[in-house]
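For reference, the structure discussed in these notes is given below.
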Amino acid sequence: MGAKILWLGEKTYVGQDSKVFLIYNAGAQGCLETKDSLVRLAKGCNASAPAQQWKWVSRNRLFNVGAMQCLGVSWHGGNATAGLHPLATYECDRESVNMRWSCRGLGEQLSQHLGARPGNSSVDRGDQARGSQWRTYGTEEDLCSVPYSEIYTIQGNSHGKPCTIPFKYDNQWFHECTSTGREDGHLWCATTQDYGKDERWGFCPIKSNDCETFWDKDHLTNSCYQFNFQSTLSWREAWNSCEQQGANLLSITEIHEQTYINGLLTGYSSTLWIGLNDLDINGGWQWSDNSPLKYLNWESGELGGVTVVLGGLGNSL
1 MGAKILWLGE KTYVGQDSKV FLIYNAGAQG CLETKDSLVR LAKGCNASAP
51 AQQWKWVSRN RLFNVGAMQC LGVSWHGGNA TAGLHPLATY ECDRESVNMR
101 WSCRGLGEQL SQHLGARPGN SSVDRGDQAR GSQWRTYGTE EDLCSVPYSE
151 IYTIQGNSHG KPCTIPFKYD NQWFHECTST GREDGHLWCA TTQDYGKDER
201 WGFCPIKSND CETFWDKDHL TNSCYQFNFQ STLSWREAWN SCEQQGANLL
251 SITEIHEQTY INGLLTGYSS TLWIGLNDLD INGGWQWSDN SPLKYLNWES
301 GELGGVTVVL GGLGNSL
């Protein structure tokens, strides 16, 4: 379901979380690492070693920070078993390589591939629960504990579509948003694998302590508003994008706020998401930021459904 989105929020700065982790095997007491593109189980763990740093990225792929490549397995010939190549890292746009992994099944697959390789360090193939030996280093949590979250873009030319991570720009791979190529320092990403081929991009949502970039500020109330007229996201995707900026979908709690927004929207005819919803099956209508539902200005004459009015603009939910 496509829609435009309208964002409101007051923001605080939070550093960008790269979600890098180490993959630890409890039986061997070592961590997964890359060496010359091959993957092996090291005898120890070093959190500062890029070769041991991994992160989940787009399309259920696992990215190694040191190699700047994705974990994969390739086959050759018609017999997949006989033609199995070693577990390795590959350029993330290699079409002939299986790079998609389930975080819940990854431990079992790692044990299978690493245990079958001669000379590989101590993965116990006799352990029937060998998949459970794998965890996030320094914790008791499994390999699903640091998941990838879609990053929904702002402005650009991708209509709010999420970043493709990693993406290639100027023959270099990026596994997070970057300011490379921009004089203004704004973070951006490509929304397809190779920016050079498609030139599809958008700015990345950030949490900041001011309203200078991408926001309009009501100086009377100190509230900040962001209007995304070209984005085509579902309500839930728009809500997630707001969360990534420390914000919420718009809630209207008094007449001054509605008047201010009406002024900003003069001349626009886009339909925009706001925060009013009835997603709680045990309750009624509510604002997504939990503001009290005390101010309502319902449009009359609507028989086909409920419509919330922002002046002359109807915003269907």
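Taking UniProt numbering, the leading residue of the sequence shown gets 1, the next gets one more, and so forth.
For glycine and all other residues, C-beta sits at the position ideal for the given N, C-alpha and C.
Residue closest to residue i, alpha-carbon to alpha-carbon, out of the options
i	options	result
Ala51	Gly72, Ser74 and Leu22	Leu22
Gly181	Gln193, Phe203 and Ile165	Phe203
Lys207	Val97, Gly246, Lys217 and Pro292	Gly246
Glu91	Leu114, Ala47 and Gln172	Gln172
Asn290	Asn262, Leu249 and Asn297	Leu249
Arg61	Cys45, Asp36, Gly44 and Gly105	Gly105
Ile154	Trp54, Asp278, Ala47 and Gln244	Gln244
Leu279	Gly138, Asp198, Met68 and Trp239	Trp239
Ala190	Tyr137, His175 and Glu183	His175
Ala67	Gln112, Asn282 and Trp54	Trp54
Thr213	Asn222, Ser234, Thr232 and Asp184	Asp184
Cys242	Tyr152, Cys103, Thr232 and Ser48	Tyr152
Ser234	Tyr137, Thr221, Val97 and Trp273	Trp273
Asp218	Cys177, Ser74, Asn98 and His256	His256
Gln112	Val97, Asn98 and Leu87	Leu87
Glu237	Pro205, Cys211 and Thr259	Pro205
Ser48	Val73, Val20 and Arg94	Val20
Close beta carbons around residue i, own chain, < 6 Å, minus the five adjacent residues each side
i	result
Gln230	His159
Tyr169	Tyr195
Ala42	Gly30, Cys31 and Glu33
His186	Phe203
Glu150	Pro162
Gly138	none
Endpoints, alpha helix (DSSP H) assigned at residue i
i	result
Gln244	Trp235 to Gln244
Thr136	Run containing Thr136: none in the alpha helix (DSSP H); it sits in the beta strand (DSSP E), Trp134 to Thr136.
Asn262	Ile255 to Leu264
N-terminal and C-terminal residue of the beta strand (DSSP E) that residue i is part of
i	result
Asn228	Ser223 to Asn228
Asp216	Asp216 to Asp218
Contacting residues, own chain, Cβ-Cβ under 8 Å from residue i (five flanking each side not counted)
i	result
Lys294	Thr253
Asp216	Cys224, Tyr225, Gln226, Phe227 and Leu264
Val57	Phe63, Cys70, Cys92, Tyr148, Ile165, Pro166 and His175
Cys144	Cys103 and Arg104
In DSSP terms, what residue i is bridged to
i	result
Gln286	Asn277
Tyr152	Pro162
Val97	Ser74
Other residues of its chain near residue i: CB distance less than 7 Å, five sequence neighbours each side excluded
i	result
Asn25	Leu41, Val123, Gln133 and Trp134
Gly267	none
Leu287	Reading off the sequence, residue 287 comes out as Trp, not Leu. Result list for Trp287: Ser251, Gly275, Leu276 and Leu293, in chain order.
Arg200	Asn157, Ser158, Ala190, Thr191 and Thr192
Leu46	Per the sequence shown, residue 46 should be read as Asn rather than Leu. Counting only Cβ-Cβ distances below 7 Å, and skipping sequence neighbours, we find Gln52.
> What are the start and end residues of each continuous beta strand (DSSP E) run of 3 or more residues lying completely inside the UniProt domain "Fibronectin type-II" (158-206), in chain order?
Replying inline: 167-169, 172-174, 188-190 and 201-203
> Could you give the uninterrupted runs of the beta strand (DSSP E) lying entirely in the segment 18-93, keeping only those of 3 residues or more?
Replying inline: 23-25, 30-35, 38-41, 54-57, 61-64, 69-74 and 88-90
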